[in-house]
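Below: the structure, in structure tokens.
Residue numbers (the numbering used here): 213 to 602.
Right under this line is the structure:
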């Protein structure tokens, strides 16, 4: 054997020795690894057996654990959560996994918060988001989200303000909330014709706030006694609101002196009108005395006590002669022959009392008037109801 052949044999033997040594070392390493794995799994639940298709041959009831699989978690592969075959003492808070390292976390433009994911997100999808305002202390912090980036912010044309959203809005609607505590006396902050409806053309000239005259549900004027009493012509001047019509009684009194209703111009006959009837009842402004009316300067309410009808008249005022008994049916002209307040007694005035009219009814010598003087008062024997004796 030459020298070259002997060299090739040495190399081949050396290669075999190295291969055998490597095999022994690999076997020792595998044995050590298996031993360590057995120790780490001591006391842990064994993983489910896996068939050739990669699916569990035994269905494990994950609902029996502290973390039931819901929504998108049901399709996650076991090994993505059970790293290194760990089946116990795993995290159960969203942010302990969704931290951007183990799995998806908050994106760069996510609202800054330390709250758990499930406060806003469902287990099925990241969006749409359903934020529960009632579960988080967010009062006075609205702009943290409602800045036009993280969530809806102020729209174009929104009233200029640095106040938080919840000062004016609720968590259910962007509609403005007219809270007396918030808005009283500050209406023109919004109602200036730019941010919200302001005074229309022809509105009465005033620097008062809207809520002095209007409510929050309608622009209809609110006639409150405290606001309008004695100030009617501020509006009711024929320019801002209806004023006195043509032929209205001449007066400087305010509307509410006569018109007590704020819904109709009906005249109200109350005690304040007593003794002033002819101011209106003069035949021009309102019905006056008809032709043939008893001549008098007395006010209407002296005889006419009803404000609904002219008749019957009141006779209680008829003094000194009381119209009682049979006198109540007499026509005024029976005594007031010239239709005035003056009376021409048919038998003169010498006798006084009843005899001024009833002297002619006296029959001297008659059985019933024996020994009775002519000027005797009739009522000594007769009643007001009839002439038959008492």
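Glycine included, C-beta positions come from ideal geometry on N, C-alpha and C.
Are the beta-carbon atoms of residue 399 and residue 423 separated by less than 9 Å? As a working mapping, residue 399 is identified with position 187 in the chain shown. As a working mapping, residue 423 is identified with position 211 in the chain shown. A Cβ-Cβ contact shorter than 9 Å links residue 399 with residue 423.
By Cβ distance, which residues of its chain are closer than 7 Å to residue 538, with the 5 residues on each side in sequence left out? On the chain shown, position 326 is the one that residue 538 refers to. Cβ within range, chain order: 596, 597, 598.
Using beta-carbon positions only, say whether residue 376 and residue 360 come within less than 9 Å of one another. Stepping through the chain shown from its first residue, residue 376 is reached at position 164. Stepping through the chain shown from its first residue, residue 360 is reached at position 148. No; because the gap between Cβ atoms is not below 9 Å, this pair is not in contact.
So, do the segment 401–415 and the segment 435–450 have three or more beta carbon pairs nearer to each other than 8 Å? no
From what residue to what residue does the alpha helix (DSSP H) around residue 440 run? Walking along the chain shown from the start, residue 440 turns up at place 228. Looking at the DSSP string, the run of the alpha helix (DSSP H) that includes residue 440 is 437–440.
What number of angstroms, rounded off, separates the C-alpha of residue 431 from the C-alpha of residue 412? By 1-based counting over the chain shown, the position of residue 431 is 219. By 1-based counting over the chain shown, the position of residue 412 is 200. The alpha-carbon atoms of residue 431 and residue 412 are separated by roughly 11 Å.
May I ask you to list the residues that DSSP assigns as paired with residue 493? Stepping through the chain shown from its first residue, residue 493 is reached at position 281. Partner(s): 498.
How would you label residue 567, buried or exposed, when you count the other beta carbons within 10 angstroms and need 16 or more for buried? Counted from its first residue, the chain shown places residue 567 at position 355. The residue is buried, with at least 16 neighbouring Cβ atoms inside 10 Å.
Look at the alpha carbon of residue 364 and the alpha carbon of residue 391, and state the distance between them as a whole number of angstroms. Residue numbering aside, residue 364 sits at position 152 when the chain shown is read from its first letter. Residue numbering aside, residue 391 sits at position 179 when the chain shown is read from its first letter. Here the alpha carbons of residue 391 and residue 364 stand approximately 23 Å from one another.
Is the beta carbon of residue 341 sitting closer than 9 Å to the one on residue 327? Position 129 of the chain shown, counting from 1, holds the residue named residue 341. Position 115 of the chain shown, counting from 1, holds the residue named residue 327. Not closer than 9 Å, so no.
Following the continuous alpha helix (DSSP H) through residue 295, name the residue where it begins and the one where it ends. Reading the chain shown from its first residue, position 83 is the one you call residue 295. Here residue 295 belongs to no alpha helix (DSSP H), and DSSP marks it neither H nor E.
Quick test of your reading: residue 317 and residue 310, contact by CB under 8 Å. State the CB separation rounded to the nearest angstrom. Numbered from its first residue, the chain shown carries residue 317 at position 105. Numbered from its first residue, the chain shown carries residue 310 at position 98. Indeed, because the Cβ distance is near 5 Å, the residues count as touching under 8 Å.
Mark residue 395 as exposed unless 16 or more other C-beta atoms lie within 10 angstroms of its C-beta, in which case mark it buried. In the chain shown, residue 395 corresponds to position 183, counting from 1. By the 10 Å Cβ count, residue 395 comes out buried.
For residue 315, I'd like the list of residues in its chain whose CB is within less than 8 Å of its CB, leaving aside the five on either flank, ordered along the chain. In the chain shown, counting from the first residue as 1, residue 315 sits at position 103. 292, 309, listed in sequence order.
Who are the near neighbours of residue 590 in its chain, counting only those whose CB is closer than 6 Å to its CB and skipping five residues on each side? Numbered from its first residue, the chain shown carries residue 590 at position 378. So the list reads 566, 570, once near-sequence residues are dropped.
Same chain only: Cβ atoms within 7 Å of residue 334, ignoring 5 sequence neighbours per side: On the chain shown, position 122 is the one that residue 334 refers to. Answer for residue 334: 283, listed in chain order.
List in chain order: all unbroken alpha helix (DSSP H) runs of 4+ residues lying wholly within the segment 419–475. 437–440, 467–470
Determine the direct distance from the alpha carbon of residue 479 to that of residue 498, and round the result to whole angstroms. Numbered from its first residue, the chain shown carries residue 498 at position 286. Numbered from its first residue, the chain shown carries residue 479 at position 267. So the two alpha carbons sit approximately 11 Å from each other.
Where residue 274 falls, given that 16 or more other Cβ within 10 Å makes a residue buried: Here residue 274 refers to the residue found at position 62 of the chain shown. Exposed: under 16 other Cβ atoms inside 10 Å.
Which residues mark the beginning and the end of the alpha helix (DSSP H) in which residue 570 is found? As a working note, residue 570 is residue 358 in the chain shown. Residue 570 -> alpha helix (DSSP H) spans 567–570.
Using a Cβ-Cβ cutoff of less than 8 Å, which residues in the same chain neighbour residue 302 once the five nearest sequence positions on both sides are dropped? The count along the chain shown starts at 1 and reaches residue 302 at position 90. So the list reads 279, 293, 294, once near-sequence residues are dropped.
Taking three-plus beta-carbon pairs below 8 Å as touching, is the segment 525–539 in contact with the segment 479–497? The segment 525–539 is not in contact with the segment 479–497.
I need the straight-line Cα distance from residue 604 to residue 525, nearest angstrom please. Because the chain is modelled from 213 through 602, residue 604 falls outside the range shown and cannot be assessed.
Are there 16 or more other CB atoms within 10 angstroms of the CB of residue 448, so buried, or fewer, so exposed? The sequence position of residue 448 within the chain shown is 236, counting from 1. The residue is buried, with at least 16 neighbouring Cβ atoms inside 10 Å.
Where residue 553 and residue 592 are concerned, what is the direct C-alpha to C-alpha distance, given to the nearest angstrom? Your numbering for residue 553 matches position 341 in the chain shown. Your numbering for residue 592 matches position 380 in the chain shown. About 28 Å.
Going by the beta-carbon positions, is the gap between residue 551 and residue 500 smaller than 9 Å? Within the chain shown, the letter at position 339 stands for residue 551. Within the chain shown, the letter at position 288 stands for residue 500. The answer is no: Cβ separation not under 9 Å.
Output needed for residue 362: all residues of its chain with C-beta closer than 6 Å, excluding positions within five of it in sequence on either side, in chain order. Residue mapping note: residue 362 aligns to position 150 of the chain shown, counting from 1. Closer than 6 Å at the Cβ level, and outside the excluded window around residue 362, lie 323.
Which of the three DSSP states, helix, strand or coil, is assigned to residue 332? Here residue 332 refers to the residue found at position 120 of the chain shown. Residue 332: coil per DSSP, three-state reduction.
So, at 8 Å on beta carbons, what are the nonlocal neighbours of residue 397 in its own chain, with the 5 sequence-adjacent residues on each side left out? Locating residue 397 in the chain shown gives position 185, where the first residue counts as 1. The answer, listed in chain order, is 421, 423.
Measure the CB-CB distance between residue 529 and residue 515 and report whether it falls below 9 Å. Residue mapping note: residue 529 aligns to position 317 of the chain shown, counting from 1. Residue mapping note: residue 515 aligns to position 303 of the chain shown, counting from 1. The answer is yes: Cβ separation under 9 Å.
Could you give the C-beta distance for residue 425 and residue 434, rounded to a whole number, given that I count them as a contact under 8 Å? In the chain shown, residue 425 corresponds to position 213, counting from 1. In the chain shown, residue 434 corresponds to position 222, counting from 1. Residue 434 and residue 425 do touch by the CB rule: their CB atoms are close to 6 Å apart, below 8 Å.
Assuming residue 389 and residue 382 make a contact with CB atoms under 8 Å, what is their CB distance in whole Å? In the chain shown, counting from the first residue as 1, residue 389 sits at position 177. In the chain shown, counting from the first residue as 1, residue 382 sits at position 170. Going by Cβ atoms, the distance from residue 389 to residue 382 rounds to 6 Å, so yes, they are a contact pair.
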